[in-house]
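One structure below.
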Amino acid sequence: MFQPLLDAYTDSTRLDETDYKPPLNIALANWWPLDKRESKGFRRFILYFILSQRYTITLHQNPNKPSDLVFGSPIGSARKILSYQNTKRVFYTGENEVPNFNLFDYAIGFDELDFRDRYLRMPLYYASLHYKAESVNDTTAPYKIKSDSLYALKKPSHHFKEKHPHLCAVVNDESDPLKRGFASFVASNPNAPIRNAFYDALNSIEPVTGGGSVKNTLGYNVKNKSEFLSQYKFNLCFENTQGYGYVTEKIIDAYFSHTIPIYWGSPSVAKDFNPKSFVNVCDFKNFNEAIDYVKYLHTHPNAYLDMLYENPLNTLDGKAYFYQNLSFKKILDFFKTILENDTIYHNNPFIFYRDLNEPLVSIDDLRVNYDDLRVNYDRLLQNASPLLELSQNTTFKIYRKAYQKSLPLLRAVRRWVKKLGL
């Protein structure tokens with residue numbers, strides 16, 4: 001049930017009012033999307049939204065311009081960060097990546113690290129809630145933003161129900177959540193063997209509808225993921241990879257769509273979300289046990305509805321909370337420490353820096369090199385096959401000839417052993 005999660009999120013965004021916003025110069029070494037629209041991409045991100053509550057922000061991508069801090073990430077030309085020698089570097093990732101504190105002064109990520117004031121855990125799911133909150137600032141949305149929320153300051157839209165008719169109907173109890181399809185699956189990355197294997201296992205029991213480019217059963221890719229997911233009782237929302245604390249937007253997408261998440265990923269996900277509100281595949285010995293539990297929920301309406309209407313967050317004394325008390329205030333305090341600390345940790349004479357003028361290697365270059373290697377490998381394998389076959393035949397002939405020559409000796413030894421009674 002998404003509404004309690006939305007309420008807890010908007011509560012976590014509360015800040016005291018301020019009359020003055022000091023200037024903040026932010027450089028972007030590389031940010032998504034990786035082109036001239038990096039600044040536009042950052043402006044849409046939650047960190048910009050949070051920082052803009054306290055600072056007047058100027059963005060640029062020039063290492064020669066003064067900066068209070070520079071953001072870098074492991075995507076694209078990650079070595080661009082090396083051009084910012086005298087600026088505090090802040091690492092951010094939405095991937096299952098561990099920050100390198102030899103290159104970065106501070107970091108924001110998924111891992112449960114304790115590195116004093118140099119690290120903040122802010123999983124991607126928290127950023128996803130920012131986008132969800134923006135989307136339901138709409139007079140027709142089934143979820144309601146509190147009137148005193150930061151997200152209620154903008155003029156609301158009026159098109160949510162038009163774009164999400166089934167989602168609105170099931171959340172507003174205008175349709176029966178039990179009378180939906182079995183399970184949905186939306187993925188674009190085929191390189192997730194565990195996820196693919198579980199899909200195949202679950203699909204063999206009852207058809208799972210695939211709306212993405214992986215395991216697609218519709219013949220087209222769905223454009224409105226939330227509306228698609230809301231038409232099914234379960235959503236298979238596995239992470240691409242597994243890592244402690246690595247929880248992305250996937251489980252949020254399921255909660256938002258009023259469907260039960262079947263989740264695999266972070267073994268510690270129960271710290272972030274109420275384990276009674278989703279199926280955690282990591283809790284089971286194997287896929288079969290997990291699938292048996294899904295089948296039980298599917299065939300027992302009361303058990304299914306109990307899980308569907310659970311608060312997604314853990315509670316303390318009846319109040320829902322985010323793990324480690326994540327909030328806008330905590331994030332702003334983290335940046336306040338960065339800006340007030342004059343130390344640049346990466347500026348260490350014992351750290352060896354590579355030549356910054358060396359050409360950067362792009363993903364496209366690596367892909368071309370890989371394709372060339374693959375072609376050369378296939379050609380080598382094709383040419384080597386006859387030689388390998390000849391080698392095997394030759395080796396067999398040599399061993400056969402040696403065996404035939406040794407037969408008289410073997411017979412003599414056998415007679416001698418038999419004579420001695422051994």
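Under the UniProt record's numbering, read the sequence shown as residues 1 to 422, first letter to last.
Note that beta-carbon positions come from the ideal geometry of N, C-alpha and C, so glycine has one too.
As the structure is a computational prediction, the values presented were derived from the model and not from experiment.
Alpha helix (DSSP H) containing residue i: first to last residue?
| i | result |
| --- | --- |
| Gly41 | 38-43 |
| Val171 | 165-171 |
| Lys132 | 124-135 |
| Tyr246 | Neither: Tyr246 is in no alpha helix (DSSP H) and is coded neither H nor E. |
| Arg195 | 193-205 |
| Leu47 | 46-51 |
| Leu332 | 328-340 |
Between residue i and residue j, how many whole angstroms is the CB-CB distance? I'm expecting something under 8 Å.
| i | j | result |
| --- | --- | --- |
| Ser327 | Ser12 | 4 Å |
| Trp264 | Ile194 | 7 Å |
| Phe228 | Ile251 | In fact, because the Cβ distance is near 16 Å, the residues do not count as touching under 8 Å. |
| Asn30 | Ser73 | 6 Å |
| Ile108 | Tyr92 | 5 Å |
| Ser226 | Leu167 | 6 Å |
| Phe70 | Tyr84 | Per the sequence presented here, residue 70 reads as Val, with Phe not at that position. That pair is a contact at about 4 Å. |
Skipping 5 residues on each side, what residues in its chain have a beta carbon closer than 8 Å to that of residue i?
| i | result |
| --- | --- |
| Tyr55 | Lys21, Pro22, Pro23, Leu24 |
| residue 454 | The displayed coordinates of the chain run from 1 to 422. Any statement about residue 454 would go beyond what the structure contains. |
Looking only at its chain, what residues have a beta carbon closer than 7 Å to the beta carbon of residue i, apart from the 5 residues adjacent to it on each side?
| i | result |
| --- | --- |
| Thr10 | Ala133, Ile145, Lys146, Ser149, Tyr151 |
| Tyr246 | Asn96, Phe110, Glu239, Gly265, Ser266 |
| Thr337 | Asp117 |
To the nearest angstrom, how far is it from the Cα of residue i to the Cα of residue j?
| i | j | result |
| --- | --- | --- |
| Glu239 | Met1 | 21 Å |
| Ser268 | Leu380 | 46 Å |
| Asn172 | Thr140 | 11 Å |
| residue 484 | Ser204 | The structure shown does not extend to residue 484, since the chain is modelled only from 1 to 422, so the question has no answer here. |
| His158 | Asn64 | 45 Å |
| Leu5 | Ser128 | 12 Å |
| Glu112 | Asn302 | 36 Å |
| Phe49 | Thr299 | 44 Å |
| Lys88 | Phe335 | 11 Å |
| Ser406 | Arg414 | 12 Å |
| Gly94 | Pro123 | 8 Å |
| Asp16 | Lys329 | 9 Å |
| Lys80 | Asn62 | 10 Å |
| Arg37 | Leu305 | 44 Å |
| Tyr293 | Asn314 | 22 Å |
Looking only at its chain, what residues have a beta carbon closer than 6 Å to the beta carbon of residue i, apart from the 5 residues adjacent to it on each side?
| i | result |
| --- | --- |
| Ser277 | Glu310, Pro312 |
| Tyr345 | Asp105 |
| Arg43 | none |
Where do the N-terminal and C-terminal ends of the beta strand (DSSP E) with residue i fall, by residue?
| i | result |
| --- | --- |
| Thr56 | 56-60 |
| Tyr106 | 106-109 |
| Asn235 | 232-238 |
| Thr209 | 208-210 |
| Ser184 | 181-185 |
| Asn25 | 23-28 |
Given 8 Å, three or more beta-carbon pairs between the stretch 234-251 and the stretch 174-187: yes
Three-pair Cβ contact test at 8 Å for the stretch 213-221 versus the stretch 259-267: no
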